[in-house]
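Chemist: For the sequence shown, this note's numbering assigns the number 410 to the last residue and increments by one with no breaks. Glycine is no exception: its CB is placed at the ideal position from the N, C-alpha and C atoms.
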Amino acid sequence: MKSPVDGHVLSSALDTLVKNPLNQADDAALVNAAKAVWYSSSNLESEVTAFLNCHTDEVELRRAGYLLERFTRFACVSDSRVSEALSALQLFAHSTCRQAVIPLAVAPLRRRRDELAVSWGLSEGLGLKAQTLMPFQTRHYEAEQRATDS
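1. Please report the straight-line C-alpha distance between alanine 377 and alanine 407, rounded to a whole angstrom.
2. Report the CB separation of glutamine 345 from leucine 328 in whole angstroms; it is logged as a contact under 8 Å.
3. Suppose you measure from the CA of serine 302 to the CA of valine 269; what does that come to, to the nearest Å?
4. Could you work out which residue in Ala403, Ser272, Ala390, His315 is closest to threonine 332 when comparing CA atoms only?
5. Out of curiosity, what's the CA-to-CA distance linking aspartate 409 and leucine 321?
6. My output table needs one value for glutamate 329: the three-state DSSP class, helix, strand or coil.
7. Can you give the Cα-Cα distance for alanine 324 and alanine 310, rounded to whole angstroms?
8. Which residues in the same chain as threonine 392 place their Cβ atom closer than 7 Å to its Cβ, once the five residues preceding and following it in sequence are excluded?
9. Compare the C-alpha of arginine 399 against each of Tyr299, Glu384, Leu386 and name the closest.
10. Determine whether the beta carbon atoms of serine 271 and glutamate 307 lie at a separation below 8 Å.
11. Under the three-state reduction of DSSP, which class applies to leucine 346: helix, strand or coil?
12. Do aspartate 330 and leucine 386 have their C-beta atoms closer together than 8 Å?
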């Protein structure tokens, strides 16, 4: 992964992640992006703006928006950070449009789709790559992060 430009850790991580299908995401970049959303005090709107200034490819924009919104759905993120992330997601509205998703009837596990990915116009999602993030969303890890920030 490239070194963060001007302190934009999330933007730099997203830059790496959006270049390939999400189910092939770079583990280190995925962890860095998630931790930047969950635990850092960086301004998410600034991070998204920095990302949008460097990217115009619609698939890459959709992947980045999906990832940012997906990170807000983990239990370790604070309500205030979710609110900030949702505000930052509005910046993607000018670059790409979301799609309405009609829920499918009950589907077998192997044929389930990622409804959030579909709403971003993607045929891919994080899938099992989300398991990479599990060690970083425990209460113990969160407490360590909060203690080092104090």
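Modeler: Reading it off the structure:
1. Working through the sequence shown from its first residue, we reach residue 377 at position 117. Working through the sequence shown from its first residue, we reach residue 407 at position 147. So the two alpha carbons sit approximately 34 Å from each other.
2. On the sequence shown, position 85 is the one that residue 345 refers to. On the sequence shown, position 68 is the one that residue 328 refers to. Strictly speaking, residue 345 in this sequence is alanine, with glutamine absent from that position. Right, their Cβ atoms sit about 6 Å apart.
3. Mapped onto the sequence shown, residue 302 falls at position 42. Mapped onto the sequence shown, residue 269 falls at position 9. Answer to the nearest angstrom: the Cα atoms are 9 Å apart.
4. On the sequence shown, residue 332 is found 72 positions in, with the first residue counted as 1. The shortest C-alpha separation from threonine 332 is found at Ala390.
5. The residue labelled residue 409 in the question sits at position 149 within the sequence shown. The residue labelled residue 321 in the question sits at position 61 within the sequence shown. Cα to Cα, the separation comes out at about 31 Å.
6. In the sequence shown, residue 329 corresponds to position 69, counting from 1. In this structure, glutamate 329 counts as helix in the three-state DSSP scheme.
7. Position 64 of the sequence shown, counted from the first residue, corresponds to residue 324. Position 50 of the sequence shown, counted from the first residue, corresponds to residue 310. Going by the C-alpha atoms only, they are around 12 Å apart.
8. Here residue 392 refers to the residue found at position 132 when the sequence shown is read from its first residue. Correct list, in chain order: Asp287, Leu290, Val291.
9. Translated into positions along the sequence shown, residue 399 becomes position 139. Checking every option, the nearest Cα to that of arginine 399 belongs to Tyr299.
10. The residue labelled residue 271 in the question sits at position 11 within the sequence shown. The residue labelled residue 307 in the question sits at position 47 within the sequence shown. Going by C-beta atoms, serine 271 is nearer than 8 Å to glutamate 307.
11. As a first step, residue 346 must be located in the sequence shown, where it is residue number 86. In this structure, leucine 346 counts as helix in the three-state DSSP scheme.
12. What you label residue 330 is simply residue 70 of the sequence shown in a count that begins at 1. What you label residue 386 is simply residue 126 of the sequence shown in a count that begins at 1. Note that residue 330 is arginine in the sequence shown here, rather than aspartate. In this structure, leucine 386 lies closer than 8 Å to arginine 330 by Cβ.
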